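J.: This is the structure I want to talk about, given as structure tokens.
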Amino acid sequence: MVPNSSVGDINLHYDSQSDLNANTLKTLLPTLNLSQLVDRPTHRRGHTLDWVVVGGDVGVSDLIVQDMLISDHFVISFSFDLQKPGPARRVVTSRNMKRIDMAALKDDVRALQLDRHDLVSSYNSDLRRILDKHAPLTTRTVTDRPSAPWLTPEVSTAKQDRRRAEREWRKSALTVHRQIFTFHREAVKEMVDKNRHQFISQKIENSTSSKELFLITGQLLGKVQNKKLPNSVPLDDLPDKFGDFFAEKIEKIRVELDAAPGHPEHAPFHGAHLTDFSPVTKEQVKKIIEKAPPKSCILDPIPSELLNECLEELLPVITDIINQSLTSGQVPPSFKHAVVTPLLKKANLDINTFKNYRPVSNLPFVSKVLEKVVLAQLSEHLAKTGMVEPLQSAYRADHSTETALLKVANDLLTACDSGSVSLLALLDLSAAFDTLDHDILLARLNTTFGITGTALGWFCSYLTGRTQAVVIQNKHSEDTILKYGVPQGSVLGPVLFTMYMQPLSKVIKHHNVLYHMFADDTQLQKSAHTKQFTELVQSIESCSDSIKQWMTVNKLKMNDDKTEIMPVGKQSKLKLLSETSSLTLSDTTVTFSTKVKNLGVHLDSNLSMDAHINSLCRTAFLEMRRISQIRHLLSLDATKTLVSAFILSRLDYCNSLLAGLPDAKLDRLQRIMNNAARLVLRKRKRDHVTPLLMTLHWLPIKARITYKIATLCYRSLQDSAPSYLSSLLKPHVPTRNLRSADAGHLVVPRVKLNAFGKRAFTYTAPSIWNSLPMSVRLSTSLPSFKSSLKTHLFREYFNP
Numbered sequence: 001m002v003p004n005s006s007v008g009d010i011n012l013h014y015d016s017q018s019d020l021n022a023n024t025l026k027t028l029l030p031t032l033n034l035s036q037l038v039d040r041p042t043h044r045r046g047h048t049l050d051w052v053v054v055g056g057d058v059g060v061s062d063l064i065v066q067d068m069l070i071s072d073h074f075v076i077s078f079s080f081d082l083q084k085p086g087p088a089r090r091v092v093t094s095r096n097m098k099r100i101d102m103a104a105l106k107d108d109v110r111a112l113q114l115d116r117h118d119l120v121s122s123y124n125s126d127l128r129r130i131l132d133k134h135a136p137l138t139t140r141t142v143t144d145r146p147s148a149p150w151l152t153p154e155v156s157t158a159k160q161d162r163r164r165a166e167r168e169w170r171k172s173a174l175t176v177h178r179q180i181f182t183f184h185r186e187a188v189k190e191m192v193d194k195n196r197h198q199f200i201s202q203k204i205e206n207s208t209s210s211k212e213l214f215l216i217t218g219q220l221l222g223k224v225q226n227k228k229l230p231n232s233v234p235l236d237d238l239p240d241k242f243g244d245f246f247a248e249k250i251e252k253i254r255v256e257l258d259a260a261p262g263h264p265e266h267a268p269f270h271g272a273h274l275t276d277f278s279p280v281t282k283e284q285v286k287k288i289i290e291k292a293p294p295k296s297c298i299l300d301p302i303p304s305e306l307l308n309e310c311l312e313e314l315l316p317v318i319t320d321i322i323n324q325s326l327t328s329g330q331v332p333p334s335f336k337h338a339v340v341t342p343l344l345k346k347a348n349l350d351i352n353t354f355k356n357y358r359p360v361s362n363l364p365f366v367s368k369v370l371e372k373v374v375l376a377q378l379s380e381h382l383a384k385t386g387m388v389e390p391l392q393s394a395y396r397a398d399h400s401t402e403t404a405l406l407k408v409a410n411d412l413l414t415a416c417d418s419g420s421v422s423l424l425a426l427l428d429l430s431a432a433f434d435t436l437d438h439d440i441l442l443a444r445l446n447t448t449f450g451i452t453g454t455a456l457g458w459f460c461s462y463l464t465g466r467t468q469a470v471v472i473q474n475k476h477s478e479d480t481i482l483k484y485g486v487p488q489g490s491v492l493g494p495v496l497f498t499m500y501m502q503p504l505s506k507v508i509k510h511h512n513v514l515y516h517m518f519a520d521d522t523q524l525q526k527s528a529h530t531k532q533f534t535e536l537v538q539s540i541e542s543c544s545d546s547i548k549q550w551m552t553v554n555k556l557k558m559n560d561d562k563t564e565i566m567p568v569g570k571q572s573k574l575k576l577l578s579e580t581s582s583l584t585l586s587d588t589t590v591t592f593s594t595k596v597k598n599l600g601v602h603l604d605s606n607l608s609m610d611a612h613i614n615s616l617c618r619t620a621f622l623e624m625r626r627i628s629q630i631r632h633l634l635s636l637d638a639t640k641t642l643v644s645a646f647i648l649s650r651l652d653y654c655n656s657l658l659a660g661l662p663d664a665k666l667d668r669l670q671r672i673m674n675n676a677a678r679l680v681l682r683k684r685k686r687d688h689v690t691p692l693l694m695t696l697h698w699l700p701i702k703a704r705i706t707y708k709i710a711t712l713c714y715r716s717l718q719d720s721a722p723s724y725l726s727s728l729l730k731p732h733v734p735t736r737n738l739r740s741a742d743a744g745h746l747v748v749p750r751v752k753l754n755a756f757g758k759r760a761f762t763y764t765a766p767s768i769w770n771s772l773p774m775s776v777r778l779s780t781s782l783p784s785f786k787s788s789l790k791t792h793l794f795r796e797y798f799n800p
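Each residue of the sequence shown is one higher than the last, beginning at 1 in UniProt numbering.
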């Protein structure tokens, strides 16, 4: 098809004056600078049904309409001038890292003589000078051509042989030469297909993240999406526009919060203070760097990959930088500058509305290493003094969204089993990390957490004097001073935010309301009998008002419009609450929801998990269809990698919440796994799936749920799970001295309603644990337990 043209069987009578649709289209064409060129009948019954529509800049000649006697439609032929557009060209600036002589680079790094009085500045400038020497920046014009890395020199040689054989056949027209040409043609096709399959499969198998897998599959499907930016503002002005917008947004919120009366309160600290940070050794710093992901920032003097290559030479310098900062209580200014990239929150949002973008910040690599050193010592101090909030699950080892949701779901299911109804409130904050007050945080670190002396001075230096600049396609905005908030792209920022939020738990406990926090997501929950539902609503209203008042005083903004409230209980109980369908938060009326999305899981009022399973099925089948479109390009291992990343990972996410559901619901998820197994092994729809699952060594859905809960149970008993889960399990103490006294059983509580009580973690975990063989329960380590458990479940489900 020619650009600005179209050809097709329109099936509208262009020649008829009474055809309303045809007349409307004929009127519309000139307004779009289009014209229809066929002026004679194109059908045996005498009407013009086939059109040739072209734009004003397309030249068409020799248009002929002929009846070829092969159809009731005539054949339309015409000529036009078609010029192939030239390849796109662009100017790029880059460094040729592949040609760096690593031995010479390490010699230059080893010979560095840094200024001890300004160690960081000297480190940055000297390393940039060395990098410029070994890999200078070069600017060149490149031509964008379709990339085909599988077209190797061998393929090029084979193509030449094919073309030579084709010329010989065209020249001689002999059958033998045609056979030779066919042989070379098939050989080239086979070689290209083999190389392409091998290249794509290796790329998938060697990928290190789901993000990379999404990018690869998007390229294979032709659905690569570039980063979307506003097109209503010139590119040169865009960084400053974004920088001003992000700064004004926070300033506007702070002006509103500063106008509110009240002063924050800080609970007194009792225990050993953290006065100084201990210096670290080179071995400790090396371990941190080796475990850190090799991500680079444009502020780094050398890429992190090169830093790892020269780690032995740079390790003494980096260790000195860190220890100098720890002992002096000062953070180098260059470590407090971040570059920000605007990222569209959702793909379907308006790209020209700035509020639809979130600022994603990036910091220098060595500054993150320094923060990890401080975080390790801060975490040790919090653990020793018992200052860790037990019901805060974010940014903590062994804590996750699944453990948080499991605790919340257990409380809701237990309340339903007792015949009560519950209210679940999900509170939302606006730009919580960005409005946090530095003075309040420093006072809280000092008064509530016992951080004093040089350590407190280090945090003061860390928070103050921070700047950021928006960077878009190598264009920088003016630096913006950050008067509030903690850097979200940092290591310490999220942890400091959770410490800032810790006094909120005392406010909630005062109202006798259950709660759970995950970063800035706060969940409230309270249960009562239906006759006391009015008092229950009032209690949640009163608690929410107290929370909002506390947040306002502490310079945080609660977003009432996005707060969600959902009643939870048995369907017959909820019908009795129809008269009450909302509650009031400050001046905002919040209508009860029938389903909410909480930390990535869809919950409904009956806790039936139907909404979550529906969402899982939609997403999983979509991913399966995408993978099936490129299955012919993938090896077995590459397909398994994609299915594990895009389908099985979704089926496993928070699957502990599905324990105890009817088989009919879990069968829907099992069908997804069955289809995924057939996709991986290239089997037909009707093929029996059990041998396929055994071949892939995939446990069925019910076994995967059992595996997850049993693993959480083992971790709880080994004190490597959240305390809020461990406290739900009680060892069975026999009343008589029996041989089963040392079996390690857990107490299984009695339940009233199988649909609720038998799905609670307090019931499913002990039941599953007690059913395991003693050899599995007595495993000495988590890896050995997982191995024994999977073997046991595999035999139980496939070899009963």
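Glycine included, each C-beta is placed from N, C-alpha and C at the ideal position.
The structure presented is a predicted model; accordingly, all values stated were derived computationally and were not measured.
Fully enclosed by the segment 514–593, which alpha helix (DSSP H) runs are 4 residues long or longer?
T.: Counting whole runs of 4 or more residues, the segment 514–593 contains the alpha helix (DSSP H) stretches 533–553 and 571–574.
J.: Skipping 5 residues on each side, what residues in its chain have a beta carbon closer than 8 angstroms to that of VAL2?
T.: With a pLDDT of only 45 at VAL2, under 50, the local geometry of the prediction cannot be trusted, and no value is derived from it.
J.: For GLU389, which of THR319, THR580, HIS516 and THR780 has the nearest alpha-carbon?
T.: The option with the nearest alpha carbon to GLU389 is HIS516.
J.: Taking the straight line between their C-alpha atoms, what separation do you get for ILE302 and ARG116?
T.: Taking the straight line from one Cα to the other gives about 20 angstroms.
J.: When you compare only the Cα positions, how much space is there between ALA267 and THR448?
T.: If you take the alpha carbons of ALA267 and THR448, they lie about 5 angstroms apart.
J.: From ASP15, SER608, LEU257 and ILE672, pick the residue whose C-alpha is nearest to that of ARG618; which is it?
T.: Ranking ASP15, SER608, LEU257 and ILE672 by Cα distance to ARG618 puts ILE672 first.
J.: So, LEU37 versus LEU25, is the Cβ gap smaller than 8 angstroms?
T.: Cβ distance not < 8 angstroms, so LEU37 and LEU25 don't count as in contact.
J.: Count the other C-beta atoms from every protein chain shown that fall within 10 angstroms of the C-beta of LEU138, then say buried if there are 16 or more, exposed otherwise.
T.: One point to set straight first is that residue 138 is Thr, not Leu, in the sequence displayed. Exposed, by the Cβ-count rule.
J.: Which runs of the beta strand (DSSP E) at least 3 residues long sit entirely within the segment 103–173? Give them in chain order.
T.: Counting only runs of 3 or more, we get 138–143.
J.: Alpha carbon to alpha carbon, how far is SER5 from PHE78?
T.: Residue placement at SER5 is poorly supported in this model, since its pLDDT is 48, which falls under 50; the coordinates still yield a value, given next. In a straight line, the C-alpha of SER5 is about 13 angstroms away from that of PHE78.
J.: If LEU692 and LYS683 are in contact, beta carbons under 8 angstroms, what's the gap, nearest whole angstrom?
T.: Contact holds; Cβ gap of about 6 angstroms.
J.: Should PHE761 go down as buried or exposed, given a rule of 16 or more other Cβ atoms within 10 Å for buried?
T.: It is buried - the Cβ of PHE761 has at least 16 other Cβ atoms within 10 Å.
J.: Ignoring anything shorter than 4 residues, give me the alpha helix (DSSP H) runs that lie fully in the segment 667–720, in order along the chain.
T.: If we require 4 residues or more, the alpha helix (DSSP H) runs fully inside the segment 667–720 come out as 690–696 and 701–717.
J.: Three-state secondary structure (DSSP) at PRO3?
T.: Unreliable placement is indicated for PRO3, whose pLDDT of 46 sits below 50; the coordinate value is still reported in the next sentence. PRO3: coil per DSSP, three-state reduction.
J.: With respect to the beta strand (DSSP E) encompassing residue 811, which residues constitute its N-terminal and C-terminal limits?
T.: Only positions 1 to 800 of the chain appear in the structure, and residue 811 is not among them; the question remains open.
J.: For THR580 and LEU536, I'd like the C-alpha separation in whole angstroms.
T.: Approximately 11 angstroms, taken between the alpha carbons.
J.: Within 10 angstroms of the Cβ of THR353, are there 16 or more other Cβ atoms? Answer buried if so, exposed if not.
T.: Flag for THR353 reads exposed.
J.: Identify the continuous beta strand (DSSP E) that holds VAL643 and give its terminal residues.
T.: VAL643 -> not in any beta strand (DSSP E); alpha helix (DSSP H) instead, spanning 636–643.
J.: How would you label GLY86, buried or exposed, when you count the other beta carbons within 10 angstroms and need 16 or more for buried?
T.: Classification for GLY86: exposed.
J.: Measuring CB atoms only, is the segment 148–160 touching the segment 98–113, in the sense that at least three cross pairs come out at less than 8 angstroms?
T.: No: fewer than three Cβ pairs fall under 8 angstroms.
J.: Please go through the same chain and pick out, in chain order, the residues whose beta-carbon is closer than 6 angstroms to the beta-carbon of TYR14, but skip the five residues on each side of it.
T.: So the list reads ALA22 and THR48, once near-sequence residues are dropped.
J.: Compute the Euclidean distance between the alpha carbons of ILE288 and LEU314, then round it to the nearest angstrom.
T.: Their backbone Cα atoms lie some 14 angstroms apart in a straight line.
J.: To the nearest angstrom, how far is it from the Cα of ARG795 to the Cα of SER572?
T.: Cα-Cα distance, rounded: 41 angstroms.
J.: Within the chosen definition, does the segment 527–541 reach the segment 418–428 through at least 3 CB pairs nearer than 8 angstroms?
T.: A contact exists between the segment 527–541 and the segment 418–428.
J.: Is ASN474 buried or exposed, if buried means 16 or more other CB atoms sit within 10 Å of its CB?
T.: Under this definition ASN474 is an exposed residue.
J.: My assumption, with CB atoms under 8 angstroms, is that VAL748 sits in contact with TYR763. Please give the rounded CB distance.
T.: Sure, about 6 angstroms apart at Cβ, within 8 angstroms.
J.: If we ignore side chains and look at the alpha-carbon of each, how far apart do LEU20 and ILE10 end up?
T.: C-alpha separation (whole angstroms): 14 angstroms.
J.: Along the chain, where does the alpha helix (DSSP H) that runs through GLN219 open and close?
T.: Element bounds for GLN219: 210–220.
J.: Roughly how many angstroms lie between the CA atoms of ARG99 and ASP132, to the nearest whole one?
T.: For ARG99 and ASP132, the distance between alpha carbons rounds to 13 angstroms.
J.: Can you check DSSP and say which residues form a bridge with LEU307?
T.: According to DSSP, which records beta bridges pairwise, LEU307 is partnered with nothing at all.
J.: Near SER393, which residues of its chain fall below 8 angstroms by C-beta distance, leaving aside the five closest residues on each side in sequence?
T.: Closer than 8 angstroms at the Cβ level, and outside the excluded window around SER393, lie HIS399, SER400, THR401, THR403, ALA404, HIS516, MET517, PHE518 and PRO722.
J.: In whole angstroms, give me the CA-to-CA distance for HIS510 and LEU504.
T.: Roughly 10 angstroms between the two C-alpha positions.
J.: Quick test of your reading: LEU406 and THR522, contact by CB under 8 angstroms. State the CB separation rounded to the nearest angstrom.
T.: Not really, about 17 angstroms apart at Cβ, beyond 8 angstroms.
J.: Is there contact between the segment 448–462 and the segment 594–611, where contact requires at least three CB pairs shorter than 8 angstroms?
T.: Result no; under three Cβ-Cβ pairs closer than 8 angstroms.
J.: If you run the structure through DSSP and keep just helix, strand and coil, what is TYR500?
T.: Helix at TYR500.
J.: Rounded to whole angstroms, what is the Cα-Cα separation between LYS252 and LEU127?
T.: Straight-line Cα distance between these residues: approximately 41 angstroms.
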